[in-house]
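Let me begin by presenting the structure, written as structure tokens, before commenting on it.
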Amino acid sequence: MQRITSPTVTSVPGFVAAGVAAGIKLSSELDLALVVSEVPCTAAAVFTQNRFAAAPVVYDRTVLGFNPMGIQAVVINSGCANACTGTEGMANARRMAEMVERALGLEAHSCLVMSTGVIGTQLPMEKIQRGIQDAAAALRSAGGSDAARAILTTDTRPKTAGVTVEIGGARVTIAGMCKGAGMIHPNMATMLALICTDAAITHEALDVVLRRAVEVSFNAVTVDGDTSTNDTTAILANGLAGNPLIDDPASLAFAAFEEALTAVCIDLAQQLVRDGEGATKFVTVIVNGAKSDADARRAAKAIANSPLVKTALYGGDANWGRILCAVGYSGAEVDPDRASLFFASKQAGLDWLQVVDRGQPTDYKEEDAAARFAQPEIEIRVELGLGEGHATVWTCDLSHEYVNINAHYRT
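Heads up: the sequence shown at position 236 corresponds to 265 in our numbering, and the numbers run straight through without jumps.
Structure, rendered in structure tokens:
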């Protein structure tokens with residue numbers, strides 16, 4: 030497996046893309062992206078579990094329910110989430126797809142729709158229509174960079190990742206783009222991701238591998254604990270690599286594809302955290318020795334979502350009591366007399382420092398702990414001593430700037 034330098038969705042053979050300024054945002058920034066395959070694709074997606082699912086989420090679920098092997102395009106707008114918009118919002122999501130299909134001469138129900146931005150406002154459909162026409166005219170094999178910029182909201186930079194891998198003697202490419210800096214706590218925030226590949230793979234196998242990859246990547250990150258109405262991770266596979274069809278989850282080909290897709294998803298997910306709203310620190314939370322992986326995930330997520338932990342990280346305060354407190358209320362099974370806690374900053378060359386040993390503080394030096402918490406990359410490791418359960422979660426700190434951004438999001 031090899032990573033692609035400066036990857037975009039159009040690094041994948043057979044895909045073209047465009048990003049245009051349709052005027053949806055108040056600024057003149059790019060705000061509408063279109064990604065198209067030369068041929069119909071096998072597709073799969075996972076969506077938000079928020080009960081107020083946005084209209085595009087409902088539309089895409091419906092389309093993929095009956096046409097998962099006929100998807101050829103994805104249109105994405107930023108600046109308006111088209112969430113909590115009632116029947117008009119549902120009609121507008123459908124109209125967006127139909128506009129793309131007409132502009133490109135595609136079959137009906139071959140376009141997926143994603144939206145991100147302010148909740149509770151209707152899409153400006155005249156601007157959307159002009160934007161789709163402009164994007165259709167601008168499609169090109171080098172358009173992936175513009176598409177990645179067009180889907181951003183409070184993000185400070187585009188997020189892309191890609192790899193190539195040999196499967197059955199063929200070179201398979203997987204590349205994706207995502208957006209999200211706040212309202213990031215996926216459970217499959219706003220988090221949108223589109224991944225393209227030229228692999229030949231069945232819908233059933235693609236659905237399985239995407240869900241597995243998402244579970245250890247996008248579902249393992251949190252910025253602020255809020256799960257969006259619009260979360261979507263979709264993958265399109267056009268089959269142009271010419272590899273033997275991947276259809277057996279027990280096969281070596283499936284394993285190779287899963288490893289590559291997971292690498293792309295983890296890369297994208299970590300970029301989400303690194304660009305978290307107001308974030309100054311990237312934090313890896315590891316929980317080992319839990320009764321189960323599910324328990325480990327509960328404990329790790331509790332640490333990663335705790336405002337007290339996140340503000341301590343921002344302030345460089347190695348207040349380990351807040352971490353154990355979060356583990357204690359997480360719902361995971363815990364024996365305080367077996368729990369141990371360690372801090373590190375591997376990026377700064379600072380190895381594991383044990384601050385708690387089986388429920389009791391060690392004789393560590395406070396300045397050693399503070400040195401680790403002062404770094405831009407920090408690792409927190411909890412050993413519960415109860416079993417083999419393990420989880421890794423990525424998060425960031427909570428700064429003054431996060432409050433500033435979200436206090437004035439609509440102004």
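Even glycine gets a Cβ: it sits at the ideal position worked out from N, Cα and C.
Residue range of the alpha helix (DSSP H) that includes residue i
{"i": "M119", "result": "G115 to L133"}
{"i": "D163", "result": "M154 to A167"}
{"i": "K320", "result": "Segment: none, K320 is in no alpha helix (DSSP H) and carries neither H nor E."}
{"i": "A341", "result": "P336 to G344"}
{"i": "F402", "result": "E395 to F402"}
{"i": "G350", "result": "W349 to Y358"}
{"i": "S56", "result": "Where S56 is concerned, there is no enclosing alpha helix (DSSP H), given that its DSSP letter is neither H nor E."}
{"i": "S174", "result": "G173 to A179"}
Terminal residues of the beta strand (DSSP E) in which residue i lies
{"i": "M206", "result": "A199 to K208"}
{"i": "D380", "result": "L379 to D386"}
{"i": "R410", "result": "E406 to E412"}
{"i": "L141", "result": "C140 to V147"}
{"i": "P85", "result": "Here P85 belongs to no beta strand (DSSP E); instead the alpha helix (DSSP H) covers A84 to F95."}
{"i": "I196", "result": "K188 to I196"}
{"i": "S66", "result": "L61 to F76"}
{"i": "G48", "result": "F44 to V49"}
CB contact flag (residue i, residue j, <9 Å)
{"i": "A298", "j": "F247", "result": "yes"}
{"i": "G191", "j": "V75", "result": "no"}
{"i": "D304", "j": "R186", "result": "yes"}
{"i": "L382", "j": "A403", "result": "no"}
{"i": "A341", "j": "A347", "result": "yes"}
{"i": "A308", "j": "Y431", "result": "yes"}
{"i": "L135", "j": "A167", "result": "no"}
{"i": "V314", "j": "V411", "result": "yes"}
{"i": "G360", "j": "A331", "result": "yes"}
{"i": "F81", "j": "I196", "result": "no"}
{"i": "L223", "j": "I264", "result": "yes"}
{"i": "A132", "j": "I161", "result": "yes"}
{"i": "A164", "j": "A62", "result": "yes"}
{"i": "I230", "j": "L269", "result": "no"}
{"i": "K339", "j": "L427", "result": "yes"}
{"i": "A242", "j": "R159", "result": "no"}
{"i": "I148", "j": "S107", "result": "no"}
{"i": "N272", "j": "A377", "result": "no"}
{"i": "I180", "j": "K156", "result": "no"}
{"i": "P278", "j": "V237", "result": "yes"}
{"i": "C109", "j": "G146", "result": "yes"}
{"i": "L59", "j": "D175", "result": "yes"}
Beta-carbon contacts of residue i that lie in its chain and below 6 Å, excluding the five residues immediately before and after
{"i": "N267", "result": "G43, S66, V68, C70 and D227"}
{"i": "P215", "result": "Summary for P215: the model assigns pLDDT 45, below 50, so the residue's position carries little reliability, and this model does not support an answer."}
{"i": "L413", "result": "G318, A319 and A368"}
{"i": "M27", "result": "As shown, the chain starts at 30 and ends at 440. That puts residue 27 outside it, with no answer to give."}
{"i": "G173", "result": "T37, V38, T39 and A46"}
{"i": "T189", "result": "P36, T37, A177 and M206"}
{"i": "S280", "result": "none"}
{"i": "P405", "result": "K310"}
{"i": "G344", "result": "none"}
{"i": "P97", "result": "A72 and H232"}
Opposing strand residues paired with residue i [DSSP bridges]
{"i": "W423", "result": "V250 and T313"}
{"i": "G418", "result": "A319"}
{"i": "L370", "result": "V385 and V411"}
{"i": "I224", "result": "G205 and I264"}
{"i": "G99", "result": "Answer is none; G99 lacks a bridge partner."}
{"i": "E233", "result": "DSSP, once it has assigned bridges, lists no residue as partnering E233."}
{"i": "P390", "result": "V385"}
{"i": "I332", "result": "DSSP, once it has assigned bridges, lists no residue as partnering I332."}
{"i": "V104", "result": "L63 and V142"}
{"i": "Q31", "result": "T193"}
The ligand PLP heavy atom lying under 8 Å from the CB of residue i
{"i": "I264", "result": "Among the ligands in the structure shown, none appear at all, so the ligand PLP cannot be discussed."}
Sequence-distant residues of its chain with Cβ nearer than 7 Å to residue i (five each side left out)
{"i": "I33", "result": "S40, G191, V192, T193 and A204"}
{"i": "A420", "result": "V316, D322, A325, R326 and A329"}
{"i": "N111", "result": "A83, A84, P85, G118, N121, A122, S144 and L152"}
{"i": "C425", "result": "V252, V302, G305, A308, K310, F311 and V312"}
{"i": "E288", "result": "M30"}
{"i": "W349", "result": "L370, V384 and V385"}
{"i": "P4", "result": "No answer is possible for residue 4: it lies beyond the span of the chain, which begins at 30 and ends at 440."}
Chain-order list of residues whose beta-carbon lies under 8 Å from that of residue i (same chain, five-residue window excluded)
{"i": "T440", "result": "The predicted model places T440 with a pLDDT of 49, which falls under 50 and marks its position as unreliable; any figure quoted below should be read in that light. Nothing meets the Cβ criterion."}
{"i": "R387", "result": "D366, R367, A368, S369 and G414"}
{"i": "L93", "result": "A72, A73, A74, I100 and L141"}
{"i": "I407", "result": "K310, F311, V312, T313, L342, F372, A373, S374 and R401"}
Practice task
Give, in chain order, every unbroken run of the beta strand (DSSP E) that is at least 3 residues long and sits entirely within the stretch 235-299.
Solution key: 261-266
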